[in-house]
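Residue numbers (the working numbering): 37 to 202.
Below: one structure, written as C-alpha cells.
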Amino acid sequence: MSGTDPVCTVPSAEPPAPAGTVSHALAWVARLHRIAMGRRLRDLGLYPGQELMMMRLWDCGAVRQSELIQSLGLDPSTVTKMLQRMEQCGYVRRSPDPADRRAVLVEATEAGAALRTGVEGAWADLEESTLAGLAPADRAELARLLGLVGGNLTEEAGEEGAGPVC
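Below, the structure written as C-alpha cells:
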C-alpha cells in the first residue's frame with residue numbers, strides 16, 4: 037500500500053486499547069473500593085469482609101457455618117478465622133445445630149446486631165463518595181453495565197449458586 041492510501045493515512049480517533057484494559061481498571065477500582073471501605077469499617081471495629089458476613093446473618097438469622105462459607109465464596113479456613121475474631125469481639129455466636137450436632141450454627145449477637153446501622157451507613161457513604169459527579173442516569177447505566185459484566189463472570193467464577201443462604 038502506498039503512503040497516499042486513505043486507509044493508511046487516516047489516523048484512528050483513538051489508539052487501540054491494550055489487552056486487558058477493562059480488567060485492569062476493574063481490579064484497580066475494586067482494590068481502591070476495598071481500601072476505602074476498610075477505613076470506614078475500622079471505626080466500627082470490623083475488617084473488610086466481616087461486614088458482608090454480618091449482612092448475611094442480619095438478613096438470614098442463624099445459618100450453618102458451611103452454608104455461610106458457600107454463600108460468601110471464601111475458603112473455609114478464612115471464614116473460620118473471621119468467625120473466631122468476630123466471636124472474640126462478641127459480634128457472633130457459634131453453637132451446635134440441634135438438627136445435626138456435627139454442623140455449627142452461626143448467628144449475630146446483640147452486639148453484632150448493633151453494628152447494622154453503622155455498616156449500612158458506611159456502605160451508603162462509600163456509594164456517594166464512589167459515584168460523586170455521576171448523574172442519576174449515569175449511575176443507573178453503570179449499575180446496569182456492572183450487572184452484565186458480573187453475569188458474564190458468574191459461571192466462569194463458579195458462583196452460579198452463590199447468594200443469600202436464607
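Just so it is clear, CB atoms sit at the ideal spot from N, CA and C, and this is done for glycine as well.
Uninterrupted alpha helix (DSSP H) stretches inside the region 104-129 (no shorter than 4 residues): 112-124
Cβ-Cβ distance between TRP94 and ARG130 below 9 Å: Position 58 of the sequence shown, counted from the start, is the residue given in the question as residue 94. Position 94 of the sequence shown, counted from the start, is the residue given in the question as residue 130. No. Outside cutoff.
Local conformation of LEU178 per DSSP, three classes: Position 142 of the sequence shown, counting from 1, holds the residue named residue 178. Helix.
From MET91, ASN188, LEU170, residue whose alpha carbon lies closest to that of GLY148: Numbered from 1 along the sequence shown, position 112 holds the residue referred to as residue 148. The shortest Cα separation from GLY148 among MET91, ASN188, LEU170 belongs to MET91.
Residue burial classification, PRO47 (beta-carbon count within 10 angstroms, cutoff 16): In the sequence shown, the residue the question calls residue 47 occupies position 11. Annotation note: pLDDT 46 at PRO47 (below 50); position unreliable, coordinate value reported separately. Under this definition PRO47 is an exposed residue.
Environment of ASP41 [buried if 16+ CB atoms lie within 10 Å]: Walking along the sequence shown from the start, residue 41 turns up at place 5. With a pLDDT of 46 at ASP41, under the threshold of 50, the modelled position of that residue is not reliable, and the figure given next carries that caveat. Classification of ASP41: exposed, given that the 10 Å Cβ count is below 16.
Secondary structure of GLY74, DSSP reduced to three states: Here residue 74 is taken as the residue at index 38 of the sequence shown, counted from 1. Residue state, collapsed to three classes: helix.
Where ALA150 sits in the DSSP three-state scheme: Locating residue 150 in the sequence shown gives position 114, where the first residue counts as 1. Coil at ALA150, not helix or strand.
Whole-angstrom C-beta distance between LEU162 and MET73, which should lie under 8 Å: Here residue 73 corresponds to residue number 37 of the sequence shown, with the count starting at 1. Here residue 162 corresponds to residue number 126 of the sequence shown, with the count starting at 1. So it is a contact: roughly 6 Å between Cβ atoms.
Close-in-space but distant-in-sequence residues of the same chain around ARG67 (CB under 8 Å, 5 per side omitted): The sequence position of residue 67 within the sequence shown is 31, counting from 1. Result list for ARG67: empty, nothing under 8 Å.
Cβ-Cβ distance between ALA98 and VAL155 below 9 Å: Within the sequence shown, numbered from 1, the residue matching residue 98 stands at position 62. Within the sequence shown, numbered from 1, the residue matching residue 155 stands at position 119. Not closer than 9 Å, so no.
Collapsed DSSP secondary structure at GLY197 in the structure displayed: Residue numbering aside, residue 197 sits at position 161 when the sequence shown is read from its first letter. Its pLDDT being 48, under 50, GLY197 is placed unreliably in this model, and the coordinates cannot settle the point.
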